[in-house]
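> Take a look at the following structure, please.
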Amino acid sequence: MRQTSARRAGTQQSRPDAGDLGWDDSLYGEGGGEGGPERSAGGADAADGGDGEPPAARSRGGKRRVLRWFAVILSLLILGTAGAGYLYYRHLNGNLLKDPLNLGERRLDKGGPNADGNTPLNILLLGSDSRNSEENVELGGSRVDADRKPLADVQMLLHVSADRSNMSVVSIPRDTRVTIPQCTDPDDGTVHPETSATINSSLQHGGPGCSVATWEELTGIPVDHFMMIDFAGVVNMADAVGGVPVCVDGNVQDLKSGLRLEKGRTTIKGEQALQWLRTRHGFENGSDVGRAKAQHMYMNAMIRQLKSGTKLTDPGKLRNLAEAATKALTVDNDLGTVNKLYDLGNDLQRVPSNRITMATMPWVEDPQNPLAHLVPKPGEADKIFSLVRNDIALDGKDKAEDKADAATKTPEPSDSAAPAAEIGVTVQNGTGTATQAAVPGRAGVVTQQLAQLGFAQATANGTPKSQADTTVSYPSEELRADAEAVAEKLGLPSGAVRISQSAEQITLVVGTDWRTGTAYPKATESPDDDKAPDSAGALNGDDRSACMKVNPAYSF
Numbered sequence: 074m075r076q077t078s079a080r081r082a083g084t085q086q087s088r089p090d091a092g093d094l095g096w097d098d099s100l101y102g103e104g105g106g107e108g109g110p111e112r113s114a115g116g117a118d119a120a121d122g123g124d125g126e127p128p129a130a131r132s133r134g135g136k137r138r139v140l141r142w143f144a145v146i147l148s149l150l151i152l153g154t155a156g157a158g159y160l161y162y163r164h165l166n167g168n169l170l171k172d173p174l175n176l177g178e179r180r181l182d183k184g185g186p187n188a189d190g191n192t193p194l195n196i197l198l199l200g201s202d203s204r205n206s207e208e209n210v211e212l213g214g215s216r217v218d219a220d221r222k223p224l225a226d227v228q229m230l231l232h233v234s235a236d237r238s239n240m241s242v243v244s245i246p247r248d249t250r251v252t253i254p255q256c257t258d259p260d261d262g263t264v265h266p267e268t269s270a271t272i273n274s275s276l277q278h279g280g281p282g283c284s285v286a287t288w289e290e291l292t293g294i295p296v297d298h299f300m301m302i303d304f305a306g307v308v309n310m311a312d313a314v315g316g317v318p319v320c321v322d323g324n325v326q327d328l329k330s331g332l333r334l335e336k337g338r339t340t341i342k343g344e345q346a347l348q349w350l351r352t353r354h355g356f357e358n359g360s361d362v363g364r365a366k367a368q369h370m371y372m373n374a375m376i377r378q379l380k381s382g383t384k385l386t387d388p389g390k391l392r393n394l395a396e397a398a399t400k401a402l403t404v405d406n407d408l409g410t411v412n413k414l415y416d417l418g419n420d421l422q423r424v425p426s427n428r429i430t431m432a433t434m435p436w437v438e439d440p441q442n443p444l445a446h447l448v449p450k451p452g453e454a455d456k457i458f459s460l461v462r463n464d465i466a467l468d469g470k471d472k473a474e475d476k477a478d479a480a481t482k483t484p485e486p487s488d489s490a491a492p493a494a495e496i497g498v499t500v501q502n503g504t505g506t507a508t509q510a511a512v513p514g515r516a517g518v519v520t521q522q523l524a525q526l527g528f529a530q531a532t533a534n535g536t537p538k539s540q541a542d543t544t545v546s547y548p549s550e551e552l553r554a555d556a557e558a559v560a561e562k563l564g565l566p567s568g569a570v571r572i573s574q575s576a577e578q579i580t581l582v583v584g585t586d587w588r589t590g591t592a593y594p595k596a597t598e599s600p601d602d603d604k605a606p607d608s609a610g611a612l613n614g615d616d617r618s619a620c621m622k623v624n625p626a627y628s629f
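Counted the way the working numbering counts, the sequence shown spans residues 74 to 629.
Dropping the structure here:
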């Protein structure tokens with residue numbers, strides 16, 4: 074394994090308190106830019122979260138955050154277009170840094186295959202604010218933070234459906250308070266105990282593998298790979314891509330970011346593109362919500378052009394871009410060659426742009442610390458995570474009959490299964506999530522139901538399980554028929570049965586989809602059940618009519 078301690082090297086400095094983020098202010102030069110308390114268009118202090126704006130601790134540092142955001146996805150796409158340069162991959166392999174995938178102790182089972190034997194793909198995209206090199210210091214500012222362990226201020230999960238027909242991207246605001254599980258640093262063996270903290274600090278608990286463990290803990294979504302990028306190479310990548318068309322519904326000028334555009338459509342590149350991506354004040358109510366929409370619009374436009382082949386036709390520019398991308402990337406060990414990145418890029422190329430959806434986790438201010446932190450919005454955050462877990466597109470365009478079949482089809486009884494009385498089953502309670510507590514005694518209730526169905530060797534295990542949907546796992550193919558028999562008797566869908574290397578015997582995890590009763594609830598159809606909630610701000614990848622609403626206070 075190639076270690077990445079140089080990227081993470083630094084003192085054990087904790088995350089600054091909200092309102093004291095000097096390392097963010099340095100991005101605007103000495104003096105912190107405009108200075109004074111910032112106010113949203115609605116008149117509320119930024120620190121008060123007015124107009125739904127995230128608190129002050131989330132309002133700064135947009136420049137570097139968005140650069141990393143688009144660079145990660147761009148890296149995925151451009152590597153999939155570089156087939157002509159395959160021989161160059163051997164050199165590019167040496168540029169990549171690698172780290173373990175998951176540093177936690179409660180790793181989720183991977184998703185089961187669909188009817189055609191294909192599985193969905195979940196990739197965690199991370200943006201690090203590391204100042205581990207002179208170039209990163211120049212790009213990110215704040216030389217005093219050169220020895221601080223980096224934060225992952227951008228965190229997005231890219232989900233590609235099992236049939237590769239659609240892609241969903243879900244981001245989580247950097248100051249969302251979550252449970253960071255116990256993680257062991259692979260470089261020095263330091264054990265970081267479980268704690269409650271902001272999600273961007275998970276990177277300081279051993280590296281990107283702890284961010285992966287945190288996401289699995291929060292969402293119940295198994296993560297297959299991660300890709301992390303820092304400042305270095307991002308500007309070169311932006312220049313190599315060339316222009317990207319954007320739109321504003323009025324004249325806009327933001328002195329802090331430097332953005333100045335006239336009403337209508339403009340093709341932006343270089344420094345002007347960076348200004349677009351970093352501006353917070355210029356759009357909507359001057360909050361991070363508007364900035365995220367502007368980032369989504371830019372990314373969608375760039376992806377469309379990359380997929381159409383209208384950009385990066387110059388071999389020299391493509392080579393420079395590939396160099397910058399691989400030098401800036403840290404990936405998990407299983408994704409640690411450019412050949413694998415190339416295959417991944419080909420997978421992503423299969424997804425039509427009109428089936429790409431970008432969204433943000435619905436959130437509310439943290440009741441414990443509303444001026445500094447967010448928490449997942451009850452119900453609506455769970456819903457968007459559930460859609461991803463169940464491989465349902467966020468755009469609501471999946472075929473209703475296909476979803477119904479997947480949700481209701483039960484395994485066929487197998488003659489090779491052992492008698493029910495001879496099948497050992499461990500039952501665990503997985504009904505708890507980040508926004509709702511586990512139902513007490515749930516494993517015991519379902520264990521009793523299994524006993525009534527003839528599974529005399531079913532036993533309840535009191536250890537909580539991080540698994541949001543009901544599953545039946547089995548450790549080896551010899552027990553597959555027995556696991557399917559358990560699922561069939563309980564009325565579980567066939568997709569709930571999956572193999573797991575961590576299971577010692579057949580294990581039933583009772584999830585959030587079965588919080589009450591002894592009969593597994595059947596799926597019900599609702600017009601709003603099959604797409605992201607409005608609060609997620611979903612944007613379709615083929616929306617060419619999107620135009621940013623300018624903040625009236627920043628118009629000219």
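Cβ coordinates follow ideal geometry from the N, Cα and C atoms, glycine included.
Determine the DSSP secondary structure at L199, reduced to helix, strand or coil.
In the structure shown, L199 sits in a strand (DSSP, three-state: E or B).
> Can you give me the start and stop residues for the beta strand (DSSP E) that T30 sits inside?
Residue 30 lies beyond the stretch modelled for the chain, which goes from 74 to 629, so this question has no answer here.
> Three-state secondary structure (DSSP) at T399?
Three-state result, T399: helix.
> Would you identify the three-state DSSP class for R141, choosing helix, strand or coil?
Unreliable placement is indicated for R141, whose pLDDT of 48 sits below 50; the coordinate value is still reported in the next sentence. In the structure shown, R141 sits in a helix (DSSP, three-state: H, G or I).
> From S549 to S573, what does the alpha carbon distance come to, in whole angstroms?
Computed Cα separation, rounded: 8 Å.
> Taking all protein chains shown into account, do 16 or more other C-beta atoms lie within 10 angstroms of the C-beta of L460, making it buried, or fewer, making it exposed?
L460 comes out buried.
> Measuring alpha carbon to alpha carbon, tell me which of Q378, W436, R333, I341 ends up nearest F356.
Considering only alpha carbons, the answer is R333.
> Which runs of the beta strand (DSSP E) spanning at least 3 residues fall entirely within the region 328-365, listed in chain order?
Counting only runs of 3 or more, we get 332-334, 337-341.
> Can you pull the DSSP bridge partners for G320?
Reading off the sequence shown, one finds Cys at residue 320, where the question assumed Gly. Its beta-bridge partners are R338.
> Using CA coordinates, which residue listed in G590, G452, L447 is at the minimum distance from A516?
Answer by Cα proximity: G590.
> Tell whether a beta-carbon distance below 8 Å holds between A235 and V319.
Taking 8 Å as the Cβ cut-off, A235 and V319 do not qualify as a contacting pair.
> Between the C-alpha atoms of H232 and R428, what's the straight-line distance to the nearest angstrom?
Straight-line Cα distance between these residues: approximately 12 Å.
> What's the gap between the Cα of R179 and the Cα of W587?
One C-alpha to the other measures close to 21 Å.
> Within 10 angstroms of the Cβ of V264, are there 16 or more other Cβ atoms? Answer buried if so, exposed if not.
So V264 counts as exposed.
> Please classify A531: does DSSP put it in a helix, a strand, or coil?
A531 falls in the strand class under three-state DSSP.
> Taking a contact to mean a Cβ-Cβ separation below 8 Å, would you say D455 touches L447 in this structure?
Taking 8 Å as the Cβ cut-off, D455 and L447 do not qualify as a contacting pair.
> Evaluate contact between the region 288-300 and the region 399-413, counting only Cβ atoms and requiring at least three cross-stretch pairs below 8 Å.
Because the criterion of three Cβ pairs below 8 Å is met, the region 288-300 and the region 399-413 touch.
> Going by CA-CA distance only, name the one from Y547, Q326, P594 that's closest to N624.
The option with the nearest alpha carbon to N624 is Q326.
> If you draw a straight line from the C-alpha of S330 to the C-alpha of Y371, how long is it?
Straight-line Cα distance between these residues: approximately 16 Å.
> Is it buried or exposed for L276, if we count other Cβ within 10 angstroms and need 16 for buried?
L276 is buried by the Cβ-count criterion.
> Can you give me the start and stop residues for the alpha helix (DSSP H) that T287 sits inside?
281-292 is the span of the alpha helix (DSSP H), which, as asked, contains T287.
> Find out if the Cβ-Cβ distance for the pair A531, T520 is shorter than 8 Å.
Yes, these two residues count as a Cβ contact at 8 Å.
> Below 8 Å CB to CB, which residues in the same chain sit around N613 once its five sequence neighbours on both sides are set aside?
So the list reads N373, N427, I429, T430, D468, once near-sequence residues are dropped.
> Under three-state DSSP, which class holds M434?
Three-state DSSP puts M434 in coil, outside helix and strand.
> Quick one, which of N175, D172, N191 has its alpha-carbon nearest G568's?
Taking only the C-alpha atoms, the option nearest G568 is N191.
> On the three-state DSSP scale, how would you describe R163?
Reduced to three states, the DSSP call for R163 is helix.
> Figure out for me which residue from Q509, K562, I496 has the closest Cα to the Cα of Q522.
Cα-wise, what sits closest to Q522 is K562.
> How would you label F629, buried or exposed, when you count the other beta carbons within 10 angstroms and need 16 or more for buried?
Exposed: under 16 other Cβ atoms inside 10 Å.
> I need the boundaries of the beta strand (DSSP E) containing L224, first residue and last residue.
It is not in any beta strand (DSSP E) - L224 carries neither H nor E in the DSSP assignment.
> Within 10 angstroms of the Cβ of E577, are there 16 or more other Cβ atoms? Answer buried if so, exposed if not.
Its Cβ having fewer than 16 others within 10 Å, E577 is exposed.
> Look at the alpha carbon of L165 and the alpha carbon of G282, and state the distance between them as a whole number of angstroms.
Using only the alpha carbons, I get a separation of about 23 Å.
> If we count the other Cβ atoms within 10 Å of its Cβ and call it buried at 16 or more, is E495 buried or exposed?
E495 is exposed by the Cβ-count criterion.
> Please state whether DSSP places H446 in a helix, a strand or coil.
It is coil, neither helix nor strand.
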